[in-house]
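Each residue of the sequence shown is one higher than the one before, counting from 1 in the UniProt record's numbering.
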Amino acid sequence: MPEMESWEVAPGHIRDGQKGGRHENVAFSNAYITSNSAIAISPDIGFNVATIKPGSSYKLEANPRILRVCSVASGKLRVKLDENKFQIGCNGVFKVRGGSKLTVENRLYVDSVLHITSISEY
């Protein structure tokens, strides 16, 4: 099994090498992005990883100012997006428009992983 790079453990991100001006994070480690809260990729874009354990669910409350794009990184999920219900598997993508509520449920015996990109003020 490959070992983590030292930057992946701490601080968990790499900043660009711009001289003068503003430095930005350009790379993020697994440990950094799996913290249950969105990290800022840029001023209007956030990203987080939700691990949904067997038999559990994950909810996103409605927010009229944020568009979310969700991608199933592993597993399969039952999705309730407002009144629409469907199932989606690995590498499937769906969007949660501003003002919509989302609940996903994992009915598998293994973890499912959902990648969520949030776009503000869209």
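From the three backbone atoms N, C-alpha and C, an ideal C-beta is built for every residue, glycine too.
Does the beta-carbon distance from Val93 to Ser112 come in below 7 Å?
Residue numbering aside, residue 93 sits at position 93 when the sequence shown is read from its first letter. Residue numbering aside, residue 112 sits at position 112 when the sequence shown is read from its first letter. Their beta carbons are not under 7 Å apart, which means Val93 does not touch Ser112 by this criterion.
Who are Val69's beta bridge partners in DSSP?
Reading the sequence shown from its first residue, position 69 is the one you call residue 69. Beta-bridge pairing links Val69 to Lys95 and Thr117.
Spatial neighbours of Ser37 within its chain, please: CB distance less than 7 Å, with the 5 preceding and 5 following residues excluded, ordered by chain position.
Taking the sequence shown and counting its residues from 1, the one referred to as residue 37 is at position 37. Hits under 7 Å: Asn48.
Mark Ser118 as exposed unless 16 or more other C-beta atoms lie within 10 angstroms of its C-beta, in which case mark it buried.
In the sequence shown, residue 118 corresponds to position 118, counting from 1. Classification for Ser118: buried.
Rounded C-beta distance between Leu81 and Leu114? I'm assuming under 8 Å.
Position 81 of the sequence shown, counted from the start, is the residue given in the question as residue 81. Position 114 of the sequence shown, counted from the start, is the residue given in the question as residue 114. The pair is not a contact, with the Cβ atoms about 13 Å apart (cut-off 8 Å).
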